[in-house]
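Okay, so here's the structure we're looking at.
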Amino acid sequence: MTDELSDLIGELVDTSPEQQDQVIRQVVATREPEEVSLLLESLPLPVRLEAWSKVPAQEKLQILLTMRGDPRETLLDNMSLDELDALFQGMAAEDLVELSESLPRRMVDRALWVMDEQQRHYFKEAKGYRDDQIGRWVSHELLVLPTNARVRDGMRLLRREVPEYMDTLFLVNRAGHFSEAVRIGKIIGSPDHLPLVDLSEDVFTVLEGQEDSVDAALKVQQSGFSSLPVVDDSGKLLGRLDI
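Letter by letter, the sequence shown follows residues 307 to 549 of my numbering.
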């Protein structure tokens, strides 16, 4: 994208505000967030701020997540409280964990204030692990049911939106401890009354939150599954890791 990037930079620097709006919207609609981030980082600061103001609100979070720390902080510093609240509203804990590495504490506090109680709990759990431990980076988009669930319960859950990179459903006990994993493909077509534990995997890798992130990623690669569960030192399900 090097030549295209140079052309876009020149176009944004030299164009009128009205034309700039069209260019930015087209770039956001047709490019990956990483490419939009690179473009914004390459612009002179006044032009960057003007261009950022024209990025659709629903696209801003994903672009910020792929941006380097200093340019990201500059954009956030120039956003109003209402704009920040709109950005943080509905943010997942794992996104805030990533952003918090380069955010001032006051902005992290603002985000936590806007987030719901469950996401604040996830954030606190994640911050209890070091940067190099997988417990810090888990995804909380899960398919989870209790151990006494049956195929009919699994099918009801699957009719909702299935998270990306999720080919298994996790079963937990009453204390929230991971118990079993069931392939989604096995659930579909099985008798409604059948207990899900009867379809569970005989051998299934479970990751511990304290594990090294690189080692854990290799385990996912070698597992034959899209993602693996991550538990704390008591066996409670924290989330999952995909690659």
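Here a beta-carbon is modelled for each residue, glycine too, at the ideal position from N, C-alpha and C.
Burial state of residue 330, where buried means 16 or more other Cβ atoms lie within 10 Å: Within the sequence shown, the letter at position 24 stands for residue 330. When all chains shown are included, residue 330 counts as buried.
Cβ-based burial, residue 599 [other Cβ within 10 Å; buried from 16]: Lying outside 307 to 549, the shown extent of the chain, residue 599 is not represented and no answer is given.
Cβ pair residue 525, residue 505 closer than 7 angstroms: In the sequence shown, the residue the question calls residue 525 occupies position 219. In the sequence shown, the residue the question calls residue 505 occupies position 199. No, the Cβ-Cβ distance between residue 525 and residue 505 is not below 7 angstroms.
Close-in-space but distant-in-sequence residues of the same chain around residue 539 (CB under 8 angstroms, 5 per side omitted): Taking the sequence shown and counting its residues from 1, the one referred to as residue 539 is at position 233. Correct list, in chain order: 514, 515 and 516.
Within 7 angstroms, strictly: CB atoms of residue 446 and residue 316: Your numbering for residue 446 matches position 140 in the sequence shown. Your numbering for residue 316 matches position 10 in the sequence shown. Going by C-beta atoms, residue 446 is not nearer than 7 angstroms to residue 316.
Per-residue burial, residue 358 [other beta carbons within 10 Å of its own, 16 or more giving buried]: As a first step, residue 358 must be located in the sequence shown, where it is residue number 52. Buried.
Same chain only: Cβ atoms within 7 angstroms of residue 326, ignoring 5 sequence neighbours per side: Against the sequence shown, residue 326 aligns to sequence position 20. Correct list, in chain order: 318, 356, 357 and 360.
Residue range of the beta strand (DSSP E) that includes residue 487: Within the sequence shown, the letter at position 181 stands for residue 487. Segment 484-489, the beta strand (DSSP E) holding residue 487.
Simplified DSSP assignment, three categories, for residue 528: On the sequence shown, residue 528 is found 222 positions in, with the first residue counted as 1. Residue 528: helix per DSSP, three-state reduction.
Expected contact under 8 angstroms - CB spacing of residue 522 and residue 507 to nearest Å: Residue numbering aside, residue 522 sits at position 216 when the sequence shown is read from its first letter. Residue numbering aside, residue 507 sits at position 201 when the sequence shown is read from its first letter. Not really, about 18 angstroms apart at Cβ, beyond 8 angstroms.
Beta-carbon gap between residue 458 and residue 518 smaller than 7 angstroms: Working through the sequence shown from its first residue, we reach residue 458 at position 152. Working through the sequence shown from its first residue, we reach residue 518 at position 212. Their beta carbons are not under 7 angstroms apart, which means residue 458 does not touch residue 518 by this criterion.
Close Cβ partners of residue 565 (< 7 angstroms) along its chain, the five nearest in sequence each way excluded: There is simply no residue 565 to check, as the chain begins at 307 and stops at 549 in what is shown.
Three-way DSSP call (helix, strand, coil) for residue 360 in this model: Residue numbering aside, residue 360 sits at position 54 when the sequence shown is read from its first letter. Residue state, collapsed to three classes: coil.
Residue 430 to residue 472 span [Cα, whole Å]: Here the question's residue 430 lines up with position 124 in the sequence shown. Here the question's residue 472 lines up with position 166 in the sequence shown. In a straight line, the C-alpha of residue 430 is about 24 angstroms away from that of residue 472.
Per-residue DSSP class, three states only, for residue 377: For this step, residue 377 is matched to residue 71 along the sequence shown. Of the three classes helix, strand and coil, the one that applies to residue 377 here is helix, per DSSP.
Member of 456, 463, 485 and 391 whose CA lies at the smallest distance from the CA of residue 363: By one-based count along the sequence shown, residue 363 stands at place 57. Nearest of 456, 463, 485 and 391 to residue 363, Cα basis: 391.
Beta-carbon proximity of residue 483 to residue 541, cut-off 7 angstroms: In the sequence shown, the residue the question calls residue 483 occupies position 177. In the sequence shown, the residue the question calls residue 541 occupies position 235. A contact, by the Cβ cut-off of 7 angstroms.
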